[in-house]
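Novice: Note that the protein sequences, when read in sequence, are chains A and B.
Using this note's numbering, the first residue of the first sequence is number 17, and each one after it goes up by one.
Using this note's numbering, the first residue of the second sequence is number 251, and each one after it goes up by one.
Using N, Cα and C, we set each Cβ at its ideal position, and we do this for glycine too.
Remember, predicted model here, so these are calculated numbers, not experimental data.
Please read through the structure below; I'll follow up with questions.
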Amino acid sequence: MDERELFGRYKQTHDPALLNEIVEKNLCIAAMIAKKFVGRGVEYDDLYQVASLALVKGVERFDETKGIRFSTFITPTIAGEIKNYFRDHSRLIHLPRRVTELRSRVRAAAEEMFAATGVDPTVSEIAQKVGASEEEVISAMEAGGVVSLDRPTEDSSGTLMDIVPDSDDAFDKIEREDVVQRALKELSKTERALVSYRYGMELSQTETAKRMNVSQMYVSRLERKILEKLRTSLKKNMAE
Amino acid sequence: MMKLMSLEFPLGKEVLTTVRLVTGGVCALVGLGLDEAEDCKVCVTESLLLLLGGGGKNAKVTFERGKKLSVLLEAEYSGEKSGAPVEEEISVALLRAFVEDLEIVREKEHARISFGFGAL
């Protein structure tokens with residue numbers, strides 16, 4: 017049975033044996049593509065699994081009547097799934113595309129201006145050239161640099177880890193919690209229950225609505241009202 | 251368009267890692283992000299595999315900087331095809347999945363693959 021016939025019969029019957037046959041015949045494509053992505057921080061077995069799942073999903077979406085071969089159709093699908101997997105599992109730090117693009121433009125403009133004048137351009141000159149604010153240029157210049165906490169400090173007196181302040185300052189935490197507690201006390205019992213479901217138990221609005229025996233619309237409206245109330249109360253308490 | 255670098259080498263599987271490393275370096279030079287650089291490396295490797303499968307012997311890779319990072323891969327053909335059609339088909343499909351402006355020109359004694367990467 018040729019490829020087109022096989023897909024045609026599977027689409028008509030949805031026979032799992034035919035699905036197995038199609039998948040088994042094409043598993044080599046999943047393996048070939050997975051191999052091309054090895055060495056990027058994800059094990060081959062994981063890549064092969066992602067590629068195989070994409071292959072199975074692709075069988076359902078393939079239209080054999082359109083005249084393209086399954087391998088041509090499935091390759092971008094598998095590559096896309098693998099790329100998504102990388103995006104979710106292999107990188108620690110993601111820069112927004114906008115920042116990455118501005119960073120490249122800033123670097124190119126700085127190089128070009130230096131080449132023309134022999135003098136390093138100022139931030140404001142670069143900003144003018146790339147059409148961004150000075151603040152944006154500075155953030156773009158600072159973005160993207162990943163340094164090790166074990167790197168020695170400039171005066172070599174220790175490592176970066178010794179001088180980076182702890183972001184979780186205990187006093188700040190106590191103060192924040194106190195302000196939040198005070199703000200929560202100003203809420204009614206129902207409002208406190210909603211906060212507990214939504215932000216303590218992290219339930220969806222629909223699940224919260226079920227627990228509170230109300231509609232999702234009511235939860236949405238009440239949540240907006242509570243957030244506004246808390247915002248006002250927190251501003252007042254922080255100012256005190 | 252500013253020429254950044256070009257490499258000329260006898261085409262063989264053993265040089266692919268070296269070319270990938272150079273590609274990674276060029277991507278860093280023009281400021282491409284990690285993901286884009288990895289994708290670019292996949293495209294360069296696939297193009298070289300296509301040229302190799304088609305019988306390419308001596309290859310040249312040229313990187314240029316313009317609105318994108320432009321990559322041009324050229325090879326002289328020896329006339330002996332070694333790649334399986336399905337592998338070639340997958341390589342082309344993969345390249346098309348990564349880049350929009352892929353151009354593949356195959357002549358009797360010469361082949362050329364070009365594409366652009368990222369927005370610089």
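With distance defined between alpha-carbon atoms, name the residue in B/F313, B/N308, B/I363 nearest to B/S256.
Specialist: Here residue 256 of chain B refers to the residue found at position 6 when the second sequence is read from its first residue. The residue with the shortest Cα to Cα distance from B/S256 is B/F313.
Novice: For A/P137, go through chain B and note every residue whose CB falls closer than 9 Å to its CB, in chain order.
Specialist: Counted from its first residue, the first sequence places residue 137 of chain A at position 121. Chain B residues near A/P137: none, gap ~17 Å exceeds 9 Å.
Novice: Express the C-alpha separation of A/G57 and A/D178 in angstroms, rounding to a whole number.
Specialist: Here residue 178 of chain A refers to the residue found at position 162 of the first sequence. Here residue 57 of chain A refers to the residue found at position 41 of the first sequence. Looking at the two C-alpha atoms, the distance is approximately 29 Å.
Novice: Find out if the Cβ-Cβ distance for the pair B/S297, B/I363 is shorter than 7 Å.
Specialist: Walking along the second sequence from the start, residue 297 of chain B turns up at place 47. Walking along the second sequence from the start, residue 363 of chain B turns up at place 113. Yes.
Novice: If you pair each beta-carbon of the segment 88 to 105 of chain A with each one of the segment 275 to 283 of chain B, do three or more pairs fall below 8 Å?
Specialist: no
Novice: If you scan the segment 279 to 345 of chain B from start to end, which runs of the beta strand (DSSP E) of 3 or more residues do you find wholly inside it?
Specialist: 306 to 315, 319 to 327
Novice: Tell me B/G366's beta-bridge partners as DSSP assigns them.
Specialist: The residue labelled residue 366 of chain B in the question sits at position 116 within the second sequence. Paired residues: B/S320.
Novice: Tell me where the beta strand (DSSP E) around A/L203 begins and ends.
Specialist: The residue you call residue 203 of chain A lines up with position 187 of the first sequence. Segment: none, A/L203 is in no beta strand (DSSP E) and carries neither H nor E.
Novice: Counting Cβ pairs closer than 8 Å, one from the segment 260 to 273 of chain B and one from the segment 244 to 252 of chain A, do we hit at least three?
Specialist: no
Novice: Just the Cα atoms here: how many angstroms apart are B/G366 and A/H30?
Specialist: Counted from its first residue, the second sequence places residue 366 of chain B at position 116. Counted from its first residue, the first sequence places residue 30 of chain A at position 14. When rounded, the distance between both Cα atoms is 42 Å.
Novice: Can you tell me whether DSSP reads B/P260 as helix, strand or coil?
Specialist: Within the second sequence, the letter at position 10 stands for residue 260 of chain B. If DSSP states are grouped into helix, strand and coil, B/P260 belongs with the strands.
Novice: In chain order, what residues of the same chain have a beta carbon less than 6 Å from the beta carbon of A/F78, not counting five sequence neighbours either side?
Specialist: For the purposes of this step, residue 78 of chain A is taken as residue 62 along the first sequence, with counting starting at 1. F86, F89, listed in sequence order.
Novice: What is the rounded straight-line gap between the Cα of B/A278 and the Cα of A/E218?
Specialist: For the purposes of this step, residue 278 of chain B is taken as residue 28 along the second sequence, with counting starting at 1. For the purposes of this step, residue 218 of chain A is taken as residue 202 along the first sequence, with counting starting at 1. B/A278 and A/E218 have their C-alpha atoms spaced approximately 40 Å apart.
Novice: Would A/I142 and A/V153 be called neighbours here (beta carbons separated by less than 7 Å)?
Specialist: Residue numbering aside, residue 142 of chain A sits at position 126 when the first sequence is read from its first letter. Residue numbering aside, residue 153 of chain A sits at position 137 when the first sequence is read from its first letter. Yes.
Novice: Tell me where the alpha helix (DSSP H) around A/V75 begins and ends.
Specialist: Indexing the first sequence from 1 puts residue 75 of chain A at position 59. Note, A/V75: alpha helix (DSSP H), 60 to 77.
Novice: Are the C-beta atoms of A/R119 and some chain B residue less than 7 Å apart?
Specialist: Within the first sequence, residue 119 of chain A is the residue found at index 103, counting from 1. At least one chain B Cβ lies under 7 Å of A/R119.
Novice: Going by Cα to Cα distance, which pick from A/I45, A/E202, A/A225, A/Y101 is closest to B/A334?
Specialist: Along the second sequence, read from residue 1 onward, the residue named residue 334 of chain B stands at position 84. Distance from the Cα of B/A334 is smallest, within the candidate group A/I45, A/E202, A/A225, A/Y101, for A/I45.
Novice: Mind checking which residues open and close the beta strand (DSSP E) that includes B/V355?
Specialist: Your numbering for residue 355 of chain B matches position 105 in the second sequence. Run containing B/V355: 353 to 356, per the beta strand (DSSP E) assignment.
Novice: For B/S328, which of B/L301, B/K253, B/I354 has the nearest alpha-carbon?
Specialist: Stepping through the second sequence from its first residue, residue 328 of chain B is reached at position 78. Out of B/L301, B/K253, B/I354, B/L301 has the C-alpha closest to the C-alpha of B/S328.
Novice: Using 8 Å for Cβ pairs, my map puts A/V122 next to A/V146. What's the rounded Cβ distance?
Specialist: Taking the first residue of the first sequence as 1, we reach residue 122 of chain A at position 106. Taking the first residue of the first sequence as 1, we reach residue 146 of chain A at position 130. About 6 Å separates the two Cβ atoms, so the contact holds.
Novice: So B/A347 contacts chain A; which residues on that side make the cut at Cβ distance below 8 Å?
Specialist: Numbered from its first residue, the second sequence carries residue 347 of chain B at position 97. What B/A347 touches in chain A: T91, P92, A95, G96.
Novice: Give me the chain B residues within the contact set of A/T116, using Cβ-Cβ distance strictly less than 7 Å, ordered along the chain.
Specialist: On the first sequence, position 100 is the one that residue 116 of chain A refers to. By Cβ distance, chain B contributes G283.
Novice: Please decide whether B/I363 counts as near chain A, where near means a Cβ-Cβ distance under 7 Å.
Specialist: Against the second sequence, residue 363 of chain B aligns to sequence position 113. Output row for B/I363: interface = no.
Novice: Within a Cβ cutoff of 6 Å, which residues of the same chain sit near A/R214, ignoring the five residues on either side of it in sequence?
Specialist: Here residue 214 of chain A refers to the residue found at position 198 of the first sequence. So the list reads T224, once near-sequence residues are dropped.
Novice: Determine which residues of the segment 137 to 158 of chain A have a Cβ less than 8 Å from any Cβ of chain B, and write them out in chain order.
Specialist: none
Novice: Would you please verify whether the beta carbon of B/E326 is less than 7 Å from any beta carbon of chain A?
Specialist: In the second sequence, counting from the first residue as 1, residue 326 of chain B sits at position 76. Not one chain A Cβ lies under 7 Å of B/E326.
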